[in-house]
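Notes for the one structure printed next.
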Amino acid sequence: MTDPHAPPRPLTARPAEGLSGRAAVPGDKSISHRALMLGALAAGETTIHGLLTGADVIATADAMAALGATIHRGGPGESWRVRGRGVGALVEPEGVLDLGNSGTSARLLMGVLAGHPVSAVITGDASLRRRPMGRVIEPLSRIGAQISARSGGRLPLTVTGTADPLPLEYVLPVASAQVKSAVLLAGLNAPGETSVIEPEETRDHTELMLSAFGAEVRVERTGQGRRSTLVGEAELTGRLVRVPADPSSAAFPLVAGLLVPGSRVDLPAVGMNPHRTGLFTTLREMGAALSVRNERTEAGEPVADLIARAGPLQAVEVPASRAPSMIDEYPILCVAAALAEGRSVMHGIAELRVKESDRLDAMARGLEACGVRIEEGEDWLAVHGTGGRRPAGGASLDARLDHRIAMSFLILGLVSEAGVSVDDVRPIDTSFPGFDALMTGLGALLKS
């Protein structure tokens, strides 16, 4: 996680030409978090290949170890092994669980703790402590957990779980895979069935992985939306997990390959879960030269190799219904839209305002500073593209301790006239360790 006492690390991206090569993107962050958590809750040993070793996932590993799991950490390219304690058998941690910048860790771990008779304090860095947790606190309180938080439902907070969690049927007021996952994880140790109904479908990694570890999970469509039901008092068994390359991380070299003139970028073994591929759908609508090869299934998750070639893009109108499948990719989509022909509009993206930063505002202000015309509403953003001409750039931008904002503006710097500087790229390690080296290896011009 980002050391708050370490000095910032600025980075500047200069105009580039002809990116080429193979970009082996780190493992999927969402799947890595869940593999560690379910491995810790399973009986026996879980072996994880391709685990993302970014700071966010390390925070999850540290938390599960503090709760009693035995975790043998692998080096670069090596597998990790987790010996779990079984559902209901986690132990009370001796110290505070510091989850750094990881909202996924915080929300999912709250669900895990809610169904165990332990008490734990959860905190995080300055960015995470600003993010509201009320949407998770409300359903977990109904399951029987007692949660005490700062005003606005913010960290640090204390979760006191229950030895007798209640099964729950919960209708999500706002689509959120993290809230859904927290409720389902809390239901693991409850008698009966715990159901979450979502009006708009979100990523289903939790349901898929719970099933793979031996839980009984049903997914069905109803008049209210998609219902995910977990049969409680589950017994999970350790297993082998292969983590695909993270599509949210792959988005950055992929969009660079589409925008930097003369480029071809190959991205192997990228996760293609349909609840995560909204960006790929949108880029194809924009006319992107994006090829999908060698489609296959690994550990229940669809995977494919992607090839991105530079070419012209057209403006796009992105419906609100697509937001759950690409919520983390809007910042880099804004960069693609800035080079497209015409006015692109993204609807229903208010969720961006409660991410690691207010990402909607961060992208709007940064694009303006780089000479890109935008229009902004509370839950929408319009970007007026240049038709392929390089925007002015030349700005020094505040990434707001947000890894995706930092990476997005570095990609913009590669296709701007005067480059773009970002004030601090340390947070990139939370999700994409080695980003600088990977992009430089493709031919990007990055300078500290």
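Numbering (UniProt numbering), first residue to last: 1 to 448. No residue lacks a Cβ here, since even glycine has one placed at the ideal position from N, Cα and C. Source: prediction; values computed, not measured.
Of the residues assessed, residue 76 falls on the exposed side of the cut-off, its CB having fewer than 16 other CB atoms within 10 angstroms.
The continuous beta strand (DSSP E) containing residue 269 extends over residues 264-271. Counting along the chain, residue 204 sits inside no alpha helix (DSSP H), nor does DSSP assign it H or E at all.
Secondary structure note for residue 64: its alpha helix (DSSP H) is the uninterrupted segment 55-66. Three or more Cβ pairs drawn from the region 342-354 and the region 315-331 lie within less than 8 Å of each other, which places the two stretches in contact. Scanning the region 240-317 from its first residue to its last, the whole beta strand (DSSP E) runs of 3-plus residues come out as 240-242, 264-271, 289-298 and 301-309. Listed in chain order, the alpha helix (DSSP H) runs fully inside the region 156-241 are 177-186 and 205-212, counting runs of at least 4 residues. By the criterion of a C-beta distance shorter than 7 Å, residue 251 is surrounded in its chain by 279, 329 and 332, once the five residues flanking it on both sides are discounted. Residue pairing by DSSP places residue 147 opposite 159 in a beta bridge. Runs of alpha helix (DSSP H) with 4 or more residues, each lying fully within the region 387-431, are found at 403-414, listed in chain order. Taking all protein chains in view, the Cβ of residue 199 is surrounded by fewer than 16 other Cβ atoms within 10 Å, so the residue is classified as exposed. Secondary structure at residue 377: coil, using DSSP grouped into helix, strand and coil. In the three-state scheme derived from DSSP, where H, G and I count as helix and E and B as strand, residue 82 is classed as strand. With 16 or more other CB atoms across the displayed protein chains lying within 10 angstroms of its CB, residue 178 is buried. Here residue 232 is not near residue 206, since their CB atoms are 9 Å or more apart. For residue 21, the uninterrupted beta strand (DSSP E) segment begins and ends at 20-22.
Annotation: residue 375 to residue 382 spans about 5 Å, alpha carbon to alpha carbon. Counting along the chain, no alpha helix (DSSP H) covers residue 347; the unbroken beta strand (DSSP E) around it starts and ends at 343-347. Where residue 122 is concerned, the enclosing beta strand (DSSP E) starts and stops at 119-123. Distances from the CA of residue 45 to each of 70, 31 and 23 were compared; the closest alpha carbon is that of 70. As DSSP reads the structure, residue 385 sits in no beta bridge. A direct Cα-Cα distance of roughly 47 Å separates residue 370 from residue 169. Membership of residue 72 in any alpha helix (DSSP H) is not indicated; the residue belongs instead to the beta strand (DSSP E) covering 70-72. Contact annotation: the region 405-415 touches the region 240-257, with at least three C-beta pairs closer than 8 Å. Residue state for residue 34 is assigned as helix, using DSSP reduced to three classes.
Nearest to residue 220 by alpha-carbon distance, out of 197, 367, 187 and 213, is 197.
The C-beta distance from residue 24 to residue 268 rounds to 6 Å, short enough to fall under 8 Å. Going by DSSP, residue 359 is part of the alpha helix (DSSP H) stretching over 359-369. Buried is the label assigned to residue 104, since at least 16 other Cβ atoms lie within 10 Å of its Cβ. Its chain contains 132 and 134 as the residues whose beta carbon lies nearer than 8 Å to that of residue 152, once the 5 sequence neighbours on both sides are disregarded; these appear in chain order. The criterion of a C-beta distance shorter than 9 Å is not satisfied by residue 260 and residue 335. Residue 107 has its alpha-carbon roughly 31 Å from the corresponding atom of residue 306. Residue 184 and residue 146 have their C-alpha atoms roughly 17 Å apart.
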